[in-house]
Each structure stands twice: as structure tokens, then as C-alpha cells.
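Asks: The structure under discussion is supplied below as C-alpha cells; questions concerning it will follow.
2 protein chains.
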Amino acid sequence: MQIREKIDILRKHMKENNLKAYIIPSSDAHQSEYVAEYWKSRQWTSGFTGSAGTLVITLDYAGLWTDGRYFIQAERQLEGSEIKLFKMAQPKVPTYTEWLCNSLSKGDTVGIDGRVFSISSFEDMEKQLNKKGIELKVVGDLIDTIWKDRPSIPKEKIFDHLVKYAGKSRKDKLDDIRKNMKINEAEYYVLSSLDDIAWLFNIRGNDVPNNPVVTSYALIALDYAYIFIDKDKVPESMVKELAIDSIEFKDYNSIDSILKDLKSTTIMLDPDKTNVWLYKSIDTSVKIVRELNLTTKLKAVKNEIEIHNLNKCQQKDGVAMVKFIKWLKDEVTNGKITEISATEKLESFRKEQEFFIEPSFDTIAAYKENAAMMHYKANENSNAELKPEGFFLVDSGGQYLDGTTDITRTIVLGKLTEKEKEDFTLVLKSHIGLAKAVFLEGATGSNIDILARRPLWERGIDYKCGTGHGVGFLLNVHEGPQRFSQVPNTIKLEPGMIITNEPGIYREGEHGIRTENTLLVKEKETTEFGTFMEFKTISFCPIDLEGIKASMLTLEEKQWLNEYHKEVYQKLSPYLNDEEKHWLKQQTREI
Amino acid sequence: MQIREKIDILRKHMKENNLKAYIIPSSDAHQSEYVAEYWKSRQWTSGFTGSAGTLVITLDYAGLWTDGRYFIQAERQLEGSEIKLFKMAQPKVPTYTEWLCNSLSKGDTVGIDGRVFSISSFEDMEKQLNKKGIELKVVGDLIDTIWKDRPSIPKEKIFDHLVKYAGKSRKDKLDDIRKNMKINEAEYYVLSSLDDIAWLFNIRGNDVPNNPVVTSYALIALDYAYIFIDKDKVPESMVKELAIDSIEFKDYNSIDSILKDLKSTTIMLDPDKTNVWLYKSIDTSVKIVRELNLTTKLKAVKNEIEIHNLNKCQQKDGVAMVKFIKWLKDEVTNGKITEISATEKLESFRKEQEFFIEPSFDTIAAYKENAAMMHYKANENSNAELKPEGFFLVDSGGQYLDGTTDITRTIVLGKLTEKEKEDFTLVLKSHIGLAKAVFLEGATGSNIDILARRPLWERGIDYKCGTGHGVGFLLNVHEGPQRFSQVPNTIKLEPGMIITNEPGIYREGEHGIRTENTLLVKEKETTEFGTFMEFKTISFCPIDLEGIKASMLTLEEKQWLNEYHKEVYQKLSPYLNDEEKHWLKQQTREI
């Protein structure tokens, strides 16, 4: 079916429902960032395949809102359709709600599927639209009847994530949650976000590619808990195992009827993570306590066993990366390597590592100008052949039983221009600026973000995305609530949090450069002025010395790089053969 | 009357009103930072004279909450009283609302004077207290009957701030406001904050020392406006002048009755700047549009004439500072100079300058360890005698018809210890780090603040306050909404905004160092990546070279200092005699 045809049928349904606009975001019923195929209505309707974007259809207009990671990609994918691209967070570009406020009239109605909007986003939007006399209405999923060959909701089995990896039992985690429920005088807790549920119950699954989560809701009472899930997915052993801690599996679709039956009680939930359809099923006699999910902050701060495991996991991941880069540099002059074949080779090196499960996200393997698209994914048409010149950007990671990784290296394949070298060195200066940061207890990612951007901003350069994100533990590679970004954020960086450091320079049609490691927050010192924190870089892989214009680095920056490379060699060389060791020694030499 | 006695009587009144707690903030009915004597209930009751602090009295406890500027001062002033000090924003210190939630019981009532709490602070507090079953009640001013010799509300005459200084007529400013009211479909605008009213109507007065504002409320309709004011303060000429633009003066106390008469209409107001007593007088048929006061952002961005005037004003202020520092360095070895006499001398130099009206705040003139108290004000007991050794910190400013200034210099009077020199140089590094900042359009003061703190944090040092604040134009020396601070802030720094740059190091019992200039935000360049901003330093006065350990400065930092000093000499020398010129040449020599 053509895009045009899909939109035409949708408009017919809109008219039947008396809607002047219909909004299709990229979310699922659990406010996930990456979703199972079943939930990809926005992609199916618009043709835009990026992970984030919102499609707004009115009776005579269609717009797609997406963020800086996807501007170039969206422009290409929307070409030829009637859908106009709105570049989010750029000066003078309205949000889609602002756009609706300006484009519709008093008395008009906007429709949504209540499952794919959080309570907060629904209420924010409703408030703005109501100001203009426009109604926001939960009308259900209008795409469902149009999308004939829609994939089904996943059916993969779940498994027990053992305490020797997770570091804390589900019982202990539930105890923490219940303690906090009592402080808030709440009798129930509704949890909808998949990674929070997986973390809390130490369960993992395979419902979403790269994200080992389980499609489910959870209801936690003070002395029992329910997990709402397709019961076919649960092995009998797990039913018994979880019953020990009074955890019972219920049918996925029974959550709203069970919620409806709760009367005159108090329920805690996270309005950013609970969908508005579920919310509207709660009885009006119930008092709602709205809080950031307790699990969100608890799981962000990694425990000692997790940190210990992560260290091993990052070492293995670094070994795979080093073998890959050596192979690539050796072979690029000989044979026909493409973005896709390189991706496969890298995955094969990760597969050799103990406890590896799957990539933690779709590898971004982008040669030359393809890398200017921040979240490029090679396909058969775009798949570039690598030559011994220019940059090859590889952003990849792995899901292991003992952790999740996310690392980017921009690899020099041969001759570089002066501008390419300057940009590579600037990105390194940005990366080091953040890696070396020292900050007072209480500082947030938006306080610190500028330490990465500063060397670029001084030269009139910026990257249109955050500088880093939290990472799950055998969970989502993007995990909140901490984040490096200019956008105000009130989450304090706490010891035990991990967060990526990934500044970049993206020049459309020319090249893209990013250098990404993962940082662990740790205490540095306590003085009369307070407690100060610093980062420990926990990704281990050489940063390509061939890209660096050494004269642009300060003495301190060179020191940082030399010390980092020394540690890379120490951590990885025990797992390499003599030839690889020799090569790594060269790659990590002092400058 | 002793503190104890005042609190005892207050507790009697609290019992009569069935209150378990009563809160006395430092505000007036207009949410001013600096208030007329009439409004200083918190100071009168507690003995703590700082400009910011909240006193909470329960039937058996008394606590005072204040911020980092006042920790040392408050400790001293509360000594011997029953009042306990709570250091705001320090780890594990509860806010006073959190403290009340934990200390009171379900069913208890907390009382306040509705005039001295904004709608926002009332509602925030009410929400938190209600969660615990505690009521928050507007009970009026319980201090009034206890405070027998309370000063009266000020009676000073107002004057017209001419367009040649203000740069924009009251008619043009009202047009801007009304345009925005129409966009918001509002028929009325209630304005309560004194500096907003003074700015909008181009009026100034003398009601609050150092703040040339006028005690008043304003109501702006689409075709007329009222200023609620003690009519005795208004010269006949001003009545006529403002009548031209349909602006009428009404009695100060008639605001609530006039508001009560407005029915079934739409009123805009700023919930942070409007008191809850006034709010409760608005009829329930009225729709309220809550927005940051339009005037707040409009007046923060200085117009071209204001910037032109400011440049002259800052030059004059620099001349006064230079004459003062020269005098001080010449005389400190000869005669008996004290903190107070030095303050008077500095004021006498400012008085020589054209258009000078009064200091823009109480001068902080603090010798040696006195300067560790950030907002120290010398009194007869503390008044230290200056000797030819150590640091003398002077933070001062002036109100001129052509602008408001705020500048701090830490002056070397003689021999320094190594630690003093290191701290002085660190503060300079901080100052330069911020002064040299380049940032993308959209960045806020909390994104940028770390550029000042970084050199200190790396050495385990911090200052317990923001790094800088906006400055009014012949208005309050602290003016919002922009601010350099770690606290999240969503106000983008825009060309034309001015903001201070004042990092410092404060070591209790040892010394205090601060170097403060005012910065103007301006555009630097527009590239393919966006529009970038930079600061132009617009305060002109040498930074004491005797305090600097040059080896601690980078080449770039030395360059900044040399260029700044060159400009200081160029701007100020035309207004100095030969001896002063010669001295300034020395003080601004290259390093």
C-alpha cells in the first residue's frame, strides 16, 4: 500500500470519528523508545524508519516531527510524499501541539490512541489545545484496521536474570519499592515501563530486538505482585520461582479490569511512563500519587556486583572491538568490505565473547558522508563499499548476561583531509573535556554538558543531540533518568550511575565523526566545600591516533589520552594473541 | 523587645488562631528581594539582617532557612536565640516545607500572611502540606500588632524616567504588552512586582533604599491602565503626563476591590510575582492566564539606547572605582581607614559622577576574614581597620539616570600568603572561564555556570551561591529572569541581556575573594550549525595584578587579562589626571 493510500483511508476514518487531526507517535503501550514491529504504526504509515518521530495527519496536511539525529534521514525518506518535515528544537519550528493550536479551529477535535500516549504528554497537550477550544480525545487505534498484515505482539519466552549478574534479588528490590510505597501511604504501584519491570523482577525476554525486555504491565501490592503478560511466554519453572516471593503471572489483557476493581485506595504511578488508556481505567475513588518511577532511579545507580560484572563485560567488548578494527585496517586494502559486511564481522567478534546475547542496538556502520546521518543504518541501496581513505564510523554495542555496552569509534581507513583531521581532533577535545570533568555533588547532566560542547562551540560547531545517556544492565541501551544535554534536567549524577560520552561533528555530504565511551560516576574527594565527583571511563578501545592533529591538543589532553591508552593496553592485551598485542601496542603508543 | 519575648507573643496569637506553625518570609506584598523597613518582619522577629531568609515558628521550635551567602552571618546573629539555622540547598537539609511536613501532624494548620507569599509558593507549599493532611491558611499579618514601633509604608515622590535614558516610551511598552494580551485572549493584566511596574510606566521612586522602585500595583486593560499607589507620592505634572496615555493613578488600597468587581473576563498574571491575598480577591468567574510577567523578559533585554547609556554609565563608575583604589593603596600605609570610612570614600567618588543618584545596594566592604561572609555589611562592632596586608573586598554599585552598576574588586593592600595568591588566581581563572564563553543560541545560565566553577571544582573548592544575576536599568541590582547558577533555569540568554560574572572563594576565618564584572550578551557568528553568542565585559576597572600567580594562568587567560586591561585604560584614562593615568597604566600593564 502506498503512503498516499494509507493516509487517505486514515482520513476517511478520521471523518467518521469527527476528527480534524490524528496523531501517531513512535511509542508502544509502555512508552518504550524501541518497540516491537507490532507497534510501528508511525513507520508503517509514513515510511520514516527512525526510532523517534511523531506523525500528525489533518484532513488536508501531514507533518512529521523528529529530532536532530534524524533530520537528514527523514528528509530523504519523506521525499515524494505529502508529509512535511518539522525539525524539532530548531529556532522558530513549532512543536506539533503548537502547530495544531495554530492550524485547527475552536470546536475541532484531535484524536489519539490512548495506549501510546503517556498521562503527562496527554495532559500537556490537552491543556494547550483546550486553551484554543480544541478537544483532545482518546479514540483508539485507527491504524489497526488499515494495517492488514500487521505483525503480532511478540511471543518470546522469558528467562530468570540470576542474582550473580543482577547483584540484587527481586525480593530485596520489592522491599525497597514497598518501603517507599509506605512512605507515600500507597497500597498499590502500577508499573508499565518494560525495562523497569524487567529490572524489578530480574526477568528478561526477547520481545524487542536488542532490548531484552518483556511486554508486560505490573501491579505491586504491599504483600503480593502481579505481572501481566502473555502466559505462554512464561516457563513453568519461572512461575514456581517467582511464586516464592508472592509474584503471580496474570493475563496481559486483564490489567484494566483488575485496575477497575480497585476502589478507595491509593495507587502510585509515573505519569511519564503510564499510558492514558490505563489511567482512565482507574476508578475515580482512587487517590493517585504521581512520582518518577522508583525503579527508574534505583536501576540507574548500578550496584557493586553490577559494576564488577560490567568491568569484565566492557573488557570483552573491547577485545571484540580491537579484533574488529585490526581486521578492518588489515583487510580494507585487499578485499571488498561494505558497511553491512563490516557490521556482520564485528558481530562475529562479539559472538566469540562469553555471555554475549545480541547487539544492544542496530549497529551504525557508516562510511564517509553516510556518517553525517547520526543514526544511519545501512541498507542494500545505501550500503557503501569501504576504501583505504577517509573515516568509517562504527557505533555498536552488545547485550551480555553481565552487562550492556555502547561504544563508537571513528576509524581512519587511509588518507584524510586537513579538515577531517581537525574535526576528529575537536571531537577528541570534546570527549576529553567531559571525561576529565570534576563536579560538585548535586550537579546534573545539563550543568555539565557544555564541557563537551565548549571546544566545538568556540569554532561555531554543534551536534544536534544530547552528549550522552544512561545505559541499562542487560537492558535498554538508552536508560534514564540521567542524561548529558542542554535541556534542563533535574537528575543529580550519583556514584554508580553510568552514562555515555559521545560528542560528534556531522557535516552533511562530507563526513561524520563521533568518539563514544561509557563513564561511571564516582566520588573523588570531600573537602570543606562539599563532596566532589569525577568520571571513570569504563570502555576500552583505542582512539585512532592517525586522526589526531597533535598540535591542537593541550598538554593535559595529551596526558589524558596517553593514560587512557595505557589502560586500554593493560586491560585488553591479556586476551589477545602476540600479533594482536603488537598491533594494540602501536595503536596505544604515547603521543 | 527581646527575640524571646516577640516569639512568645507570636505563639500566643498562633494559639488563638489555632495554628501549629507560622511562617515569616523576607518578602513584601510585591515579592521584592529588597524591601522597605515596613516589611522587615522576619528581621524584626529573628534578629537576622540578611536580605533572604524564612523564619518558621512552631509552638515549641523556631528555625531560620537561609542560603549560602548568609550561613556565617546567620550563625552569628542567631547565636544565643532559640532559633536554629537551616542551611538551604546543602545535602540532607530539608526545605522548610519538608521540615513542616515531618514535624507537624495530620490535622494541624500552618498560617501565613497572604500578602507576602506568591501564588506559586503558596500552592507548592499547600500541595506538599496537604499530602500530609496539614492545612495551609491565609490568616493575615500576626506580627503587626506585636511590632509597636513598626515603620510606615514609604511616602517618597515618584519621578518620570525620560525616554532619552529608558530608550522606549511607556506607550510603546504598553503596546507590546497589549499585543501579547490579545494573543492570550486576556482583557486585563495584573502587575505586582515593583520593578516591572517602574519599567513599564517609565516611573521611578525612592521607596526602597538602593532600589528606585515605587510601592504600587498595576492593572492594565486593553485601552487604559491603573497604577495603584499612595496618591500623595505623585506630582501633579506626572498625573497629567501619564493621562496622555490613558494611565490613571488609583489609591494603593483599592486594588482588591477593583479586582473583585471584574467578572467573567480573562486576567493575565505571573503566579511567581502576584501575592496570594490579591489572587484570592479575584472572582471565581474570571479565567486566569498564568505566565511569567511579559515585562520581566522585555526589560531583561536592554534596548540600544539603554546599552549606549550603560556604556557611559559603566565608564563613570569605573572612574570612581579607579580613583578609590588609588586613594586606598596610597593611604592605607598612612592613616586610619576602616571598612566604613572606605565605603564612604568610595561613595564620595561615585557622587562626583554625572547622573549619580545613590548606591545600587549596601556596599560590601570587607577586610580579610570579614570577606568570607559573602554579603557582609560592616557595622560599628565589626568595622575593621585596614592595614597594609591581605585582601580588602569591595562589592558596590551605583544607581545613575543612565544605568545601574555592580562591581567587585578584591584589592591587595600589602603582603599576601601563597594560599591567598593561589585563591585569587583561581577566582580569576573562574572569572575568565565565563567571560570567554561561547555558546549556542538557546543555552541558559545553568548550562553555562560550570565554566566559572570548573577551575575551582577541580581543586575541591566551591562558592555557595549563583555565579551571576541580571541587573536592572536604574532599577534593582538583582533582576531576573536570567541567572548563572547550577539550579535548572529555562531562560535562554539573549543578545541585549546583561548579567554579572562573580565567582569567588570564601574561607571562613581566613579570607574572601570575588572578582565581578558585568557581561553583555551579544551575537558572535552564525554558521551552518546555528547562531553562537558571546559575552562582552562592560565593567571597566583593573583586576589587581599583585594578587596573581602568573604561572597558574594559561596563555589564553593571560591574553584575556591583557586585552581587558588595555581596554580599561583606553576607556577610563580620558577622565583621569596625569597622576591617575600614570597609576592606571601601571595597574593595567601586560603580564
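Keeping their order, the protein sequence lines are chains A and B. Taking our numbering, the leading residue of the first sequence gets 1, the next gets one more, and so forth. Taking our numbering, the leading residue of the second sequence gets 592, the next gets one more, and so forth. Beta carbons: idealized from backbone N, C-alpha and C, even for Gly.
(1) Measure the CB-CB distance between residue 88 (chain A) and residue 186 (chain A) and report whether it falls below 7 Å.
(2) Is the beta carbon of residue 202 (chain A) sitting closer than 7 Å to the one on residue 166 (chain A)?
(3) With burial defined as no fewer than 16 other Cβ atoms inside 10 Å of the residue's Cβ, what is the status of residue 864 (chain B): buried or exposed?
(4) Give the residues from the region 443-477 of chain A that approach chain B closer than 9 Å (Cβ to any Cβ), ordered along the chain.
(5) Can you check which of these residues, A:80, A:125, A:111 and A:221, is closest to residue 98 (chain A) by C-alpha distance?
(6) Between the region 319-326 of chain A and the region 348-357 of chain A, do at least 3 Cβ pairs fall closer than 8 Å?
(7) If we count the other Cβ atoms within 10 Å of its Cβ and call it buried at 16 or more, is residue 684 (chain B) buried or exposed?
(8) Using only alpha-carbon positions, find the residue among B:788, B:919, B:800 and B:636 that is nearest to residue 1171 (chain B).
(9) So, residue 599 (chain A) versus residue 270 (chain A), is the Cβ gap smaller than 7 Å?
(10) In terms of residue numbering, what span does the beta strand (DSSP E) encompassing residue 839 (chain B) cover?
(11) By the three-class DSSP mapping on this structure, what secondary structure does residue 517 (chain A) have?
(12) For a contact meaning CB atoms closer than 8 Å, what does residue 1081 (chain B) contact in chain A?
(13) Skipping 5 residues on each side, what residues in its chain have a beta carbon closer than 7 Å to that of residue 1080 (chain B)?
(14) Reducing DSSP to helix, strand and coil, say where residue 810 (chain B) ends up.
(15) Tell me, please, whether the CB atom of residue 892 (chain B) is closer than 7 Å to any CB atom in chain A?
(16) Please name the residue in B:896, B:672 and B:728 whose C-alpha comes closest to that of residue 755 (chain B).
(17) Can you say whether residue 1178 (chain B) is buried or exposed, counting buried as having 16 or more other CB atoms within 10 angstroms of its CB?
(18) How should residue 2 (chain A) be labelled, buried or exposed, when 16 other C-beta atoms within 10 angstroms of its C-beta is the threshold for buried?
(19) Using a Cβ-Cβ distance under 7 Å, would residue 1116 (chain B) count as near chain A?
(20) Would the region 402-413 of chain A and the region 504-521 of chain A be scored as touching if the rule is three or more Cβ pairs under 8 Å?
(21) Please give me, in chain order, every unbroken run of the beta strand (DSSP E) with length at least 3 that falls completely inside the region 150-201 of chain A.
(22) Nearest-angstrom Cα distance between residue 113 (chain A) and residue 556 (chain A)?
(23) Measuring only the C-alpha atoms, how far is residue 379 (chain A) from residue 340 (chain A)?
(24) Check distances from the C-beta atoms of the region 257-274 of chain A to those of chain B and list, in chain order, the residues that come in under 9 Å.
(25) Have a look at A:412, A:531, A:34 and A:103 and flag the residue whose alpha-carbon is nearest the alpha-carbon of residue 57 (chain A).
(26) Does DSSP put residue 672 (chain B) in a helix, a strand or coil?
(27) Short of 9 Å Cβ to Cβ, which residues in the region 664-687 of chain B face chain A?
(28) Determine the burial state of residue 118 (chain A): buried for a count of at least 16 other Cβ atoms within 10 Å of its Cβ, exposed for fewer.
(29) Mind pulling the chain B residues with CB within less than 7 Å of residue 438 (chain A)?
(30) Among A:131, A:228 and A:585, which one has its Cα closest to the Cα of residue 197 (chain A)?
(31) Against residue 1120 (chain B), what residues of chain A qualify as contacts under a CB-to-CB distance less than 7 Å, listed in chain order?
(32) Using a Cβ cut-off of 7 Å (strictly closer), state whether residue 1123 (chain B) contacts chain A.
(33) Please list, in chain order, all residues of the same chain as residue 692 (chain B) whose beta carbon is under 8 Å from its beta carbon, the five residues on each side excluded.
(34) For a contact meaning CB atoms closer than 8 Å, what does residue 441 (chain A) contact in chain B?
(35) Return the Cβ separation of residue 366 (chain A) and residue 376 (chain A) in integer angstroms, given the expectation that the two are a contact with Cβ distance under 8 Å.
(36) Using DSSP's beta-bridge definition, name the partner residues of residue 560 (chain B).
Replies: According to the structure data:
(1) Working through the first sequence from its first residue, we reach residue 88 (chain A) at position 88. Working through the first sequence from its first residue, we reach residue 186 (chain A) at position 186. No, these two residues do not count as a Cβ contact at 7 Å.
(2) In the first sequence, residue 202 (chain A) corresponds to position 202, counting from 1. In the first sequence, residue 166 (chain A) corresponds to position 166, counting from 1. Yes, these two residues count as a Cβ contact at 7 Å.
(3) By one-based count along the second sequence, residue 864 (chain B) stands at place 273. Classification for residue 864 (chain B): buried.
(4) 443, 444, 446, 447, 448, 449, 450, 451, 453, 454, 456, 457, 458, 459, 460, 461, 462, 463 and 464
(5) Position 98 of the first sequence, counting from 1, holds the residue named residue 98 (chain A). Among A:80, A:125, A:111 and A:221, the Cα nearest to that of residue 98 (chain A) is on A:125.
(6) yes
(7) By 1-based counting over the second sequence, the position of residue 684 (chain B) is 93. Burial call: exposed.
(8) Sequence index remark: in the second sequence, residue 1171 (chain B) carries index 580 (1-based). That would be B:919, whose Cα lies nearest to the Cα of residue 1171 (chain B).
(9) In the structure as shown, chain A begins at 1 and stops at 591. Residue 599 (chain A) is therefore absent and cannot be evaluated.
(10) In the second sequence, residue 839 (chain B) corresponds to position 248, counting from 1. Note, residue 839 (chain B): beta strand (DSSP E), 838-842.
(11) Numbered from 1 along the first sequence, position 517 holds the residue referred to as residue 517 (chain A). Note: residue 517 (chain A) maps to strand in three-state DSSP.
(12) Locating residue 1081 (chain B) in the second sequence gives position 490, where the first residue counts as 1. Near residue 1081 (chain B) (Cβ distances below 8 Å), the residues of chain A are 488.
(13) Locating residue 1080 (chain B) in the second sequence gives position 489, where the first residue counts as 1. So the list reads 1035, 1036, 1037 and 1074, once near-sequence residues are dropped.
(14) Here residue 810 (chain B) refers to the residue found at position 219 of the second sequence. Residue 810 (chain B): strand per DSSP, three-state reduction.
(15) By one-based count along the second sequence, residue 892 (chain B) stands at place 301. Residue 892 (chain B) does not count as touching chain A.
(16) On the second sequence, position 164 is the one that residue 755 (chain B) refers to. The option with the nearest alpha carbon to residue 755 (chain B) is B:896.
(17) Residue mapping note: residue 1178 (chain B) aligns to position 587 of the second sequence, counting from 1. By the neighbour-count rule (16 or more Cβ atoms within 10 Å), residue 1178 (chain B) is buried.
(18) For the purposes of this step, residue 2 (chain A) is identified with residue 2 of the first sequence, where counting begins at 1. Result: exposed.
(19) Mapped onto the second sequence, residue 1116 (chain B) falls at position 525. Yes, residue 1116 (chain B) counts as interfacial toward chain A.
(20) yes
(21) 188-191
(22) Reading the first sequence from its first residue, position 113 is the one you call residue 113 (chain A). Reading the first sequence from its first residue, position 556 is the one you call residue 556 (chain A). C-alpha separation (whole angstroms): 53 Å.
(23) Here residue 379 (chain A) refers to the residue found at position 379 when the first sequence is read from its first residue. Here residue 340 (chain A) refers to the residue found at position 340 when the first sequence is read from its first residue. Using only the alpha carbons, I get a separation of about 8 Å.
(24) none
(25) On the first sequence, position 57 is the one that residue 57 (chain A) refers to. Answer by Cα proximity: A:103.
(26) If you number the second sequence from 1, residue 672 (chain B) lands on position 81. Three-state DSSP puts residue 672 (chain B) in coil, outside helix and strand.
(27) 680, 681 and 682
(28) Working through the first sequence from its first residue, we reach residue 118 (chain A) at position 118. The residue is buried, with at least 16 neighbouring Cβ atoms inside 10 Å.
(29) Walking along the first sequence from the start, residue 438 (chain A) turns up at place 438. In chain order: 1048 and 1049.
(30) Sequence index remark: in the first sequence, residue 197 (chain A) carries index 197 (1-based). Comparing Cα positions, the closest option is A:228.
(31) Locating residue 1120 (chain B) in the second sequence gives position 529, where the first residue counts as 1. The contacting residues are 460, 461 and 462.
(32) The residue given as residue 1123 (chain B) occupies position 532 in the second sequence. It does: the Cβ of residue 1123 (chain B) has a partner Cβ on chain A nearer than 7 Å.
(33) The residue given as residue 692 (chain B) occupies position 101 in the second sequence. Cβ neighbours of residue 692 (chain B) beyond the five flanking positions: 719, 720, 722, 723 and 725.
(34) By one-based count along the first sequence, residue 441 (chain A) stands at place 441. By Cβ distance, chain B contributes 682.
(35) On the first sequence, residue 366 (chain A) is found 366 positions in, with the first residue counted as 1. On the first sequence, residue 376 (chain A) is found 376 positions in, with the first residue counted as 1. Confirmed, about 4 Å.
(36) Past the boundaries of the shown model lies residue 560 (chain B); chain B is included only from 592 to 1182, so the question cannot be answered.
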